[in-house]
Each structure stands twice: as structure tokens, then as C-alpha cells.
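In our numbering, the protein residues as written are 80 to 162.
This is how it looks when you write it as C-alpha cells:
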């Protein structure tokens with residue numbers, strides 16, 4: 080029973096790192112703390128640019144919406160003052 084239990088446990092982290100490195104060849108040294116490859120930084124910058132573009136468009140849409148609501152309120156105030 081103990082042998083079966085020991086076979087089911089996870090491999091040590093060092094063994095997993097060795098296993099993954101055989102499948103995914105990495106460029107450059109990854110032994111440094113905080114290492115990020117260039118594609119990671121490009122990915123983050125691209126996502127940030129997309130988010131900024133989306134937020135600017137959404138801000139414009141909301142500004143137009145506020146302007147239309149303001150016009151409707153003004154028209155309703157004028158019509159109620161005439162009655």
C-alpha cells in the first residue's frame with residue numbers, strides 16, 4: 080500500500096522543470112530572477128494599447144450619450160415651462 084501511495088505523489092519541482100525544458104527550448108538565460116522574454120513584454124504592451132484604445136472609444140460614446148440626455152432634459156424642461 081505504501082508503494083502505491085508513493086507512486087501517486089507529484090514529482091519534485093526540479094524534476095518538472097527538467098521535464099519542461101526538454102519540450103520547450105528557451106532562448107537566452109532564464110536563470111535570472113524576474114526573467115521575461117521579449118515576446119512577454121510585447122504582449123503586455125499590445126494588451127495595454129488595446130485597452131487604452133477601447134477606453135478612449137468608450138469615453139467618447141459615453142460623452143455623446145451624456146450630451147443627448149442633457150438635450151432631452153433641456154427639451155423637457157422647456158416644454159413643461161410652456162404648459
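Even for Gly, the Cβ is constructed at its ideal location relative to N, Cα and C.
Under the three-state reduction of DSSP output, residue 129 falls in the helix class. Shown here, residue 136 sits in a helix according to DSSP, grouped into three states.
One alpha carbon belongs to residue 156, the other to residue 145, and they sit about 16 Å apart.
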